[in-house]
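**Student:** Quick one: this structure, given as structure tokens, is what I'll be asking you about.
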Amino acid sequence: MNTFIAWLRRISTSFIPVALMGVFMLGSLWLLSAATENSAQFGRLHIVLVVINILGLIVLTGLIGVSLLRLIYQYRRSATGSRLTARLVLIFVVMAVTPVSIVFYFSLGFMQKGIDSWFDVRIDRAMTEALELSKSALDMRMRDKLKETRELARQLRQTDDGALLFRLNELRTKSGASELLIAEANGRVIASSSADPSTIIPSLPDEAVLQQARDNKFYIGLAPLRDQGLHTRVAISLEQTDAASEARILIALYPVSERISQMAESVQAAYTKYKELVYLREPLKQSFAFTLFLILLVTLLSAVWAAFFFAQRLVAPIRILAIGTRAVAAGNYHKKLPVTSSDELGSLVQSFSEMTQRIAEAQDQVMRSQRQADRERAYLRAVLGRLSSGVMTLDRDLTVRAVNAAASHILGVNLDYSAGHKLAKLEIDFPEVAQFVQTLLPHLNETETDWREEVSLYGSGGHKIVTCHGTRLPGMEGIPAGYVVVLENVTELVQAQRDAAWGEVARRLAHEIKNPLTPIQLSAERLRRKYL
258 MNTFIAWLRR ISTSFIPVAL MGVFMLGSLW LLSAATENSA QFGRLHIVLV
308 VINILGLIVL TGLIGVSLLR LIYQYRRSAT GSRLTARLVL IFVVMAVTPV
358 SIVFYFSLGF MQKGIDSWFD VRIDRAMTEA LELSKSALDM RMRDKLKETR
408 ELARQLRQTD DGALLFRLNE LRTKSGASEL LIAEANGRVI ASSSADPSTI
458 IPSLPDEAVL QQARDNKFYI GLAPLRDQGL HTRVAISLEQ TDAASEARIL
508 IALYPVSERI SQMAESVQAA YTKYKELVYL REPLKQSFAF TLFLILLVTL
558 LSAVWAAFFF AQRLVAPIRI LAIGTRAVAA GNYHKKLPVT SSDELGSLVQ
608 SFSEMTQRIA EAQDQVMRSQ RQADRERAYL RAVLGRLSSG VMTLDRDLTV
658 RAVNAAASHI LGVNLDYSAG HKLAKLEIDF PEVAQFVQTL LPHLNETETD
708 WREEVSLYGS GGHKIVTCHG TRLPGMEGIP AGYVVVLENV TELVQAQRDA
758 AWGEVARRLA HEIKNPLTPI QLSAERLRRK YL
């Protein structure tokens, strides 16, 4: 059972059943058209039509059942495209069922009226009168031939047996008969004459014809001969002068003209067919209605199944796009979407796949760039962390971006959590660096490229002298991208320089004191200022 269901699922999504259903429908319609040509053929093909259509109904019902169950299952699970598929199936079914039902209704009415029109009283009378007319025409011709044959019989009674054959040939030629034959009542041929020289044995009538000629003195009727068409057969009893002799019968065959024969056969065939139709009137109506109803069911079920099939094929690219969109929304740019058609929807799926591929490549490039930037940032942090100089970076809005540990050590405050805050906020959070902030602010503008300042700071660690060297980072259209400030604690250097300067002063004073001319010169200068 599972194998059968799997087989139905497989073929329900294939295009092969569509072609098979099309061939099946055309075959059914052809059989119906062929069956309506005559009642005998309809009787032979009726069972075939019923069996084929019932098999088609079973297969279509199975396909529709599998498609419907799958759609219900997908609809309950809110699968992608299930609602659109259901809507398209409903639209296709309504569009297919409505015109087919209307056509079936009017076709059934036209068929019933058409069959009834075959049996109109006037048509029945016309067929009967046509048959009687053809019979009357043949009867008149047959009566004429009967008179001619009687005249031939009268002439033959006066002919001796020795001249009988010659006389038969002469009379046959004059009368236009195809064959003249004189036979005894027991069937023995006395003499014969035929228009066909190849005829060796004359054609004897049945015993019934001879018996009727003996009893009624004559017989007349139509005799169809093989390869010779329709003939008029006339048999006349010949009166014998000798009572002891065997009774003889003159048998004449007259050809009926081909046109009259065809007309008579046509009228007879039409009348016979008409009588058959009259007999099969109700069975024909019922059979036609039943067959038309079967084809209606097959057509409707085919339309329903085709609605499922084409709706699924139409929705397939949309379902694939929806799945791809969800994957992209989830960040999966590497999902491959299959292209199920070569139309505009297929091109859309292909374009979507190309777009996601380019996005994936761009994302990979961004990730590589991000990793490279992270590595460079980590390297820069490692370098800055090992520097003895303090480094502070600011963006264009004077927001602290990064501060190394040396800057915190030089300024004497913990600036690890200052990243992301405004530079002015440092003045509030750390009053001991207010002088540092006030020194930086005038130089952080768009005009100065490089600057250098020296700041004296007073804190818990005592007095510090810090040199600040700032540089503006170039940006787009002359707008600075940010600033870099390098800090150096030069307190010890300044102190060493001052110590060295005072040492030089002391050395020079000592030198001057040791020189003997110095007191004399100093005394002379005092006397000059005092007296002059």
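Using this note's numbering, count along the sequence shown one by one with no gaps and you end on 789.
Even for Gly, the Cβ is constructed at its ideal location relative to N, Cα and C.
Predicted model only: the values in this text are computed from it and were never measured.
(1) What residues are listed by DSSP as bridge partners for Ser713?
(2) Leu651 and Gly739 look like a contact to me (Cβ under 8 Å); what is the Cβ gap, rounded to whole Å?
(3) Rounded to whole angstroms, what's the CA-CA distance from Ala509 to Lys474? Just pull it up for me.
(4) Where does Met649 land, buried or exposed, given buried means 16+ other C-beta within 10 angstroms?
(5) Verify whether the separation of the beta carbon atoms of Lys402 and Tyr511 is less than 9 Å.
(6) Give a yes or no on whether the minimum CB-CB distance between Ile575 and chain B is below 9 Å.
(7) What separation, rounded to the nearest whole angstrom, lies between the Cα atoms of Ser494 and Glu464?
(8) How should His591 be labelled, buried or exposed, when 16 other C-beta atoms within 10 angstroms of its C-beta is the threshold for buried?
(9) Assign Leu277 to one of three DSSP states: helix, strand, or coil.
(10) Could you pull the DSSP bridge partners for Pro481 from this structure?
(11) In whole angstroms, what separates the C-alpha of Phe547 from that of Tyr330?
(12) Within a Cβ cutoff of 8 Å, which residues of the same chain sit near Pro737, ignoring the five residues on either side of it in sequence?
(13) Should Arg764 be listed as close to the ligand ZN, given that the test is whether its C-beta is under 8 Å from any heavy atom?
(14) Assuming Leu558 and Leu317 are in contact, meaning their beta carbons sit under 8 Å apart, how far apart are those beta carbons, in whole angstroms?
(15) Give me, in chain order, the residues of the same chain whose beta-carbon lies closer than 6 Å to that of His700; leave out the 5 immediate sequence neighbours on both sides.
(16) For the beta strand (DSSP E) holding Ala509, just list the boundary residues, first then last.
(17) Could you have a look at Ala501 and say whether DSSP puts it in helix, strand or coil?
(18) Short of 6 Å in beta carbon distance, which residues of its chain neighbour Arg783, apart from the five on each side in sequence? Order them along the chain.
(19) Quick one: Cα of Ser665 to Cα of Thr724, how far?
(20) Does the Cβ of Ser324 have 16 or more other Cβ atoms within 10 Å, making it buried, or fewer, making it exposed?
(21) Between Arg634, Thr430, Val360 and Val466, which lies nearest to Ala440 when the distance is taken from Cα to Cα?
(22) Between which two residues does the alpha helix (DSSP H) carrying Asn473 extend?
(23) Distance check for Ile552 and Gln620, CA to CA, integer angstroms please.
(24) Are the CB atoms of Phe349 and Ala568 nearer to each other than 9 Å?
(25) Could you check the C-alpha separation between Val357 and Ile309 for me, to the nearest Å?
(26) Among the residues of its own chain, which have a CB less than 8 Å from the CB of Val747, if the five just before and after it don't count?
(27) His678 to Pro688, Cα distance in whole Å?
(28) Taking DSSP's pairing of strands, which residues face Met649 in a bridge?
(29) Compute the Euclidean distance between the alpha carbons of Leu668 and Ala763, then round it to the nearest angstrom.
(30) Take the Cβ of Asn661 as the centre, count every other Cβ of all protein chains shown within 10 Å, and call the residue buried at 16 or more, exposed below.
(31) In whole angstroms, what is the alpha-carbon distance linking Asn671 and Ser626?
(32) Only counting the same chain, and skipping five residues up and downstream in sequence, which positions put a Cβ closer than 7 Å to that of Tyr674?
(33) In the DSSP assignment, what are the bridge partners of Lys679?
(34) Here's the rule: buried if 16 or more other CB atoms are within 10 angstroms of the residue's CB, otherwise exposed. What is Arg628?
(35) What is the C-beta distance between Ala442 and Arg471, in whole angstroms, given that I count them as a contact (C-beta under 8 Å)?
(36) With DSSP as the reference, identify every bridge partner of Gly727, one or two as the case may be.
**Tutor:** On the basis of the coordinates in this document:
(1) DSSP output for Ser713 lists Ile722 as bridge partner(s).
(2) The pair is a contact, with the Cβ atoms about 6 Å apart (cut-off 8 Å).
(3) Near 14 Å, if we compare the C-alpha coordinates of Lys474 and Ala509.
(4) With 16 or more Cβ atoms within 10 Å of its Cβ, Met649 is classed as buried.
(5) Yes. Within cutoff.
(6) Absent here is chain B; the protein component of the structure consists of one chain.
(7) Near 14 Å, if we compare the C-alpha coordinates of Glu464 and Ser494.
(8) When all chains shown are included, His591 counts as exposed.
(9) Helix.
(10) Beta-bridge pairing links Pro481 to Leu487.
(11) Each residue's Cα considered, the two are about 36 Å apart.
(12) The residues are Arg653, Glu703, Arg729, Leu730 and Pro731.
(13) Summarising the ligand content, the structure contains no ligands, and the ligand ZN is consequently not present.
(14) Indeed they touch by this definition, with Cβ atoms about 4 Å apart.
(15) Within the same chain, His700 has close Cβ partners Trp708 and Gly727.
(16) For Ala509, the enclosing beta strand (DSSP E) stretches over residues Arg505 to Pro512.
(17) The predicted model places Ala501 with a pLDDT of 48, which falls under 50 and marks its position as unreliable; any figure quoted below should be read in that light. Three-state result, Ala501: coil.
(18) Counting only Cβ-Cβ distances below 6 Å, and skipping sequence neighbours, we find nothing.
(19) Rounded to the nearest angstrom, the two C-alpha atoms are 14 Å apart.
(20) With a threshold of 16 other beta carbon atoms within 10 Å, Ser324 meets it and is buried.
(21) With distances taken between CA atoms, Ala440 lies nearest to Val466 out of Arg634, Thr430, Val360 and Val466.
(22) Glu464 to Asn473 is the extent of the alpha helix (DSSP H) around Asn473.
(23) Going from the Cα of Gln620 to the Cα of Ile552 covers about 59 Å.
(24) Contact: yes.
(25) Per the coordinates, the alpha-carbon of Val357 lies some 20 Å from the alpha-carbon of Ile309.
(26) So the qualifying residues of the chain are Glu711, Ile722, Val723 and Thr724.
(27) A straight line joining the alpha-carbon of His678 with that of Pro688 spans about 16 Å.
(28) Partner residues in the beta bridge of Met649, as assigned by DSSP, are Val660 and Val742.
(29) Their backbone Cα atoms lie some 34 Å apart in a straight line.
(30) Asn661 should be labelled buried.
(31) Asn671 and Ser626: Cα-Cα distance of roughly 32 Å.
(32) Here the set comprises nothing.
(33) Bridge partners of Lys679: Thr656.
(34) The residue is exposed, with fewer than 16 neighbouring Cβ atoms inside 10 Å.
(35) At roughly 6 Å, the Cβ-Cβ gap stays under 8 Å, so Ala442 and Arg471 are in contact.
(36) Beta-bridge pairing links Gly727 to Trp708 and Val742.
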